[in-house]
Each structure stands twice: as C-alpha cells, then as structure tokens.
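The next block holds one structure in the form of structure tokens; read it before the comments.
Residue numbers (the numbering used here): 5 to 84.
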C-alpha cells in the first residue's frame, strides 16, 4: 500500500506533545507520586492529553494546518 498522506510527519509536533506527556506518566512524573508540583497532577495530565488528541483528530479530519504549518507561515511573513 502507498501512503496518500503522512500524518506522522505533518503533525509531528502534536504527536511529540502526546509522546512527551505519556513518557512523563510512564516515568512516574506526576505530583501524586513525585511530590514535585512541576510534574502536575495526574488529572491535569489526562485533561491535557484529551485536549491535544481531540485537537489533533480535528486537524486531521478537516485537513487543518499543523503546528509546523502555522509556524512556517509565521516565519514566512517575517522579513529577515
């Protein structure tokens, strides 16, 4: 099969955000375990994951710009 669209490349920043949160959870980096406020509560991390995944699915379903696309457009407007 030939890919028609490379989701993992286009939305790499969004996917990286999800991977980072999951990695932190896997490493026990939540306030309830570590006692470090910067790690955030488990519930907060879950809410963030839900929001990021929902936003990513919306972007994919409606062919919206990725974070990479948005950054690229902003940088293109800057006259260096």
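Glycine is no exception: its CB is placed at the ideal position from the N, C-alpha and C atoms.
Quantities reported herein were computed from a predicted structural model and do not represent experimental measurements.
query	result
The stretch 55-74 in contact with the stretch 14-27 per 3-pair CB rule at 8 Å	yes
Separation of residue 6 from residue 64, as counted between CA atoms	18 Å
Whole-angstrom C-beta distance between residue 8 and residue 70, which should lie under 8 Å	16 Å between Cβ atoms; not a contact.
Which of helix, strand or coil DSSP assigns to residue 68	coil
CA-to-CA distance, residue 62 to residue 42, given in whole angstroms	29 Å
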